[in-house]
Amino acid sequence: MWFEKAERSHGGPVSAKFPLHLQSCHPDFRLHSQLCESETLRKLYSVDGREPLFISPKDAADRGIKNGDTVRVFNDRGQVLAGAVVSDRYKTGVIRLHEGAWYDPVWGGEHAGLCRYGNPNVLTLDIGSSDLAQATSAHTALVQIERFSGEAIKVEAFNGPKEMIAQCEYVPKPQQ
């Protein structure tokens with residue numbers, strides 16, 4: 010039985026606004042998100058400290074993107090930063106951002122909600138693949154990308170938890 014994709018890059022309702030099909034396949038150097046914290050492994054694949062985004066030479070040239078640029082990948086659901094890897098191994102109209110990247114959101118300010126490291130989950134639909142399977146719909150996302158302009162936003166996903174100190178005052182419960 011054929012199930013029409015919720016989003017499609019060949020004439021679907023949002024394909025003009027978001028013309029690129031996002032592949033969020035398994036990474037080569039991790040098991041999903043396991044080992045993402047390994048600085049040794051990240052040095053093998055990251056681009057300027059961010060998750061790599063693979064893009065065809067034509068799609069990159071059309072957007073003024075060069076190898077190593079920080080790019081913003083976005084749609085109506087969210088936005089992420091990633092490092093561009095321009096390669097003729099990828100078909101025009103298709104980009105690849107590996108699943109399992111640690112989520113690193115900006116809290117508040119001009120870039121609120123932006124994932125600094127490159128987790129594609131903020132871009133994909135949050136629906137099951139069918140009523141039977143309920144598998145993820147990872148390859149069902151259309152996006153647009155642009156070269157990120159402005160001051161670089163520092164990745165904080167691997168800094169460990171932030172310590173917060175709260176001052177509390179004990180207020181005894183009134184006697185009845």
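In terms of the working numbering, the sequence shown is residues 10 to 185. Even glycine gets a Cβ: it sits at the ideal position worked out from N, Cα and C.
Pull the bridge partners of residue i from the DSSP assignment, please.
i	result
C124	V89 and P114
P66	Per DSSP, none; premise fails for P66.
H30	V103 and L151
R59	V56
V82	V89 and I154
Q176	Q176 is not bridged to any residue.
Using three-state DSSP, classify residue i as helix, strand or coil.
i	result
R98	coil
V131	helix
L141	coil
R51	helix
Given this structure, state the Cα-to-Cα distance separating residue i from residue j, to the nearest angstrom.
i	j	result
W116	N130	17 Å
I64	D140	33 Å
A91	G122	15 Å
I104	E165	25 Å
A150	G87	11 Å
L132	S96	22 Å
Q185	E178	21 Å
P22	Q32	19 Å
I154	F83	6 Å
E48	G102	31 Å
E119	D37	33 Å
K75	D68	10 Å
K163	P183	49 Å
Judging by CA-CA distance, which residue of the options is the nearest neighbour of residue i?
i	options	result
H41	V23, Y112, G118 and P28	Y112
D135	E155, Q153 and D85	D85
S158	R81, K182, R125 and L50	R81
D78	R98, D68, K67 and D57	D57
P66	T49, P28, S55 and V94	V94
K100	H30, V23, G21 and V180	H30
D71	G118, R156, V180 and F167	R156
A25	V152, I162 and K182	V152
A161	K182, C124 and R98	C124
F167	G127, D68, V180 and C34	G127
P170	E46, F27 and C34	E46
State yes or no: is the beta carbon of residue i nearer than 8 Å to at least one beta carbon in chain C?
i	result
E60	Absence of chain C from the displayed structure is noted, only one protein chain being present.
Cβ of residue i versus every heavy atom of the ligand COA: is any distance shorter than 7 Å?
i	result
R86	Looking at this structure, you won't find the ligand COA or any other ligand, since it has none at all.
Under 8 Å, with one C-beta from each stretch per pair, do the segment 95 to 108 and the segment 167 to 181 reach the 3-pair mark?
no
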